[in-house]
Amino acid sequence: MLHAALQARENAYVPYSGFAVGAALRTADGHIVTGANIENASFGLTNCAERSAVFSLMSARNLPNVAITGVAVVADSPDPVAPCGACRQVLAEFCSPNTPVLLANLHNDIKKTTVGELLPGAFTPEQMAYAKTDSER
Ligand code: THU
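So the mapping is simple: my numbering equals the position in the sequence shown, first residue as 1, plus 79.
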C-alpha cells in the first residue's frame, strides 16, 4: 500500500506548493487504486491525493463493489502526513469507521490509524433522515 502511494506521489502536480502527496486505496476485491495531489493556478481548486484516489476509484467502479478496506497516504513531512479535513470527510463517505489508514513520510515514520479516528463524528447520510423528500418540498 505504501509503495503504491509512493509511486502515485511521483505523479503529483505541485508547481505552487512543491508538496507532493500520494495516496493508495485497497478494495475488498484486492485492487489498489491510487491518487496524487493536483494543484491549480486558482489555488482553491487543488485536489488532494486522498480525494484524487477516492474519485478515481468511484469513477471506475460503482457501489457496492468498491468497498475500501485500507488507505495509505505518504508525503515528505516531518511527521506522518495528516490528511486535511475535506479528505477525512470524503474518506468517511466511502469507508467504514474501522477502515485502517497508514500515514507515512519519507523517513519511514508510519502512523496506523482508522477513518473513524481521523474524523470522529463525521457527517453521515443518517443525519439527513428528516430531510424533506421531493414530494414534500
Ligand atoms: N495535500 C494533500 O494532497 N493531502 C493532504 O493530506 C494534505 C495536503 C496537498 C494539497 C496541496 O497540493 C498541498 O498538499 C499543500 O497543501
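Cβ coordinates follow ideal geometry from the N, Cα and C atoms, glycine included.
Can you tell me whether residue i is buried or exposed? The criterion is at least 16 other CB atoms within 10 Å of its CB, across all chains shown.
i    : result
P204 : exposed
S121 : exposed
T178 : buried
G200 : exposed
Under the DSSP definition of a beta bridge, which residues are partnered with residue i?
i    : result
Y221 : The requested residue 221 does not occur in the structure, where the chain is confined to residues 80 to 216.
R105 : I111, G149
L100 : A quick correction: the sequence has Val, not Leu, at residue 100. Bridge partners of V100: A154.
A183 : V153, I189
Taking the straight line between their C-alpha atoms, what separation do you get for residue i and residue j?
i    : j    : result
R140 : H186 : 34 Å
E290 : A87  : The chain is shown from 80 up to 216; residue 290 falls before or after that span and cannot be answered.
A83  : Q206 : 35 Å
S96  : A210 : 40 Å
L181 : P94  : 26 Å
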